[in-house]
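Student: There's a structure below that I have some questions on.
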Amino acid sequence: MNHAITASKTQEQLHRFLGMFSPHFSIPELRFLGQMLYGIQAARDVKLSCIGRALDEPISMKKL
């Protein structure tokens, strides 16, 4: 299966899961939780540097 399709399905499932917590957290907190959970799942590690690489965002790793 294509990695992009798998990633989008995973993010969609994670978004639906986080919908249960939306009354308890603000939007930035939910976004943070979603990115952290996705990064942990994608990197299969809890180190911030590994999560940052798994998210593949344009920010430099020195900012983490």
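Mapping of the sequence shown onto the numbering used here: position 61 corresponds to residue 351, and the numbering continues sequentially without gaps.
A virtual CB, placed ideally from N, CA and C, is assigned to each residue, including glycine.
Cutting at 8 Å between CB atoms, please list the residues of its own chain near F315, excluding the five before and the five after it.
Tutor: Mapped onto the sequence shown, residue 315 falls at position 25. If we look at F315 and ignore the five residues flanking it on each side, its Cβ neighbours are L323.
Student: At which residue ranges does the segment 305 to 337 contain complete alpha helix (DSSP H) runs of 4 or more residues, listed in the order of the chain?
Tutor: List check, alpha helix (DSSP H) in window: 317 to 333.
Student: Quick check on G329: buried or exposed, where buried means 16 or more other Cβ atoms within 10 Å of its Cβ?
Tutor: For the purposes of this step, residue 329 is taken as residue 39 along the sequence shown, with counting starting at 1. The residue is buried, with at least 16 neighbouring Cβ atoms inside 10 Å.
Student: What does the alpha-carbon distance come out to for the pair P348 and G342?
Tutor: On the sequence shown, residue 348 is found 58 positions in, with the first residue counted as 1. On the sequence shown, residue 342 is found 52 positions in, with the first residue counted as 1. Each residue's alpha carbon lies about 10 Å from the other.
Student: Please state the DSSP three-state secondary structure of E347.
Tutor: Here residue 347 corresponds to residue number 57 of the sequence shown, with the count starting at 1. It is coil, neither helix nor strand.
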